[in-house]
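In our numbering, the protein residues as written are 2 to 125.
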């Protein structure tokens, strides 16, 4: 794999407040006690990711960075099934107690369920 395959370029990120607001307006929701995923259809041919990992929920920078790395990596692996969606991942305090494998499994489950929920939106 080339180096560029491991990056998370700007085109795959939600960057502006407008991008985030579009997702928050009428989202398709999927979540549990530690994570909430919100999604909406975008006009692009690829998926884009936004994250909300607040200091209020995760006090230590090392915890915030670990969770963001896990979310980005999981998103990278599931991009193909999320094509045409903008996704925002909201993190809650309880996630800091989970190990990396548990977070990955939870994200895998949420990506699958979210893509199934959004399938009918993408087809129309």
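We put the CB at the ideal spot given by N, CA and C, even for glycine.
- In the DSSP annotation of this structure, the continuous segment of the alpha helix (DSSP H) that includes residue 77 starts and ends at 62–79.
- Burial state of residue 31 is buried, judged by a 10 Å Cβ sphere holding 16 or more other Cβ atoms.
- Three or more Cβ pairs closer than 8 Å define a contact, and the region 52–61 falls short of that threshold against the region 101–112.
- The C-beta of residue 86 has 16 or more other C-beta atoms within 10 Å across all chains shown, which makes the residue buried.
- A Cβ-Cβ separation of about 5 Å places residue 50 in contact with residue 88 under the 8 Å criterion.
- In this structure, the straight-line span from the alpha carbon of residue 74 to that of residue 39 is close to 18 Å.
- Here DSSP, grouped into helix, strand and coil, assigns residue 51 to strand.
- Residue burial is scored here from C-beta neighbours: residue 63 has fewer than 16 other C-beta atoms within 10 angstroms and is therefore classed as exposed.
- Membership of residue 19 in any beta strand (DSSP E) is not indicated; the residue belongs instead to the alpha helix (DSSP H) covering 18–26.
- Shown here for residue 70: not one same chain residue has a beta carbon closer than 8 Å to its own, the five before and five after excluded.
- For the 9 Å CB-CB criterion, residue 80 and residue 46 do not form a contact.
- Cβ-Cβ distances below 6 Å link residue 65 to 54 and 59 in the same chain, with the five nearest sequence neighbours on each side left out; the list follows chain order.
- In the three-state DSSP reduction, residue 87 falls in the strand class (E or B).
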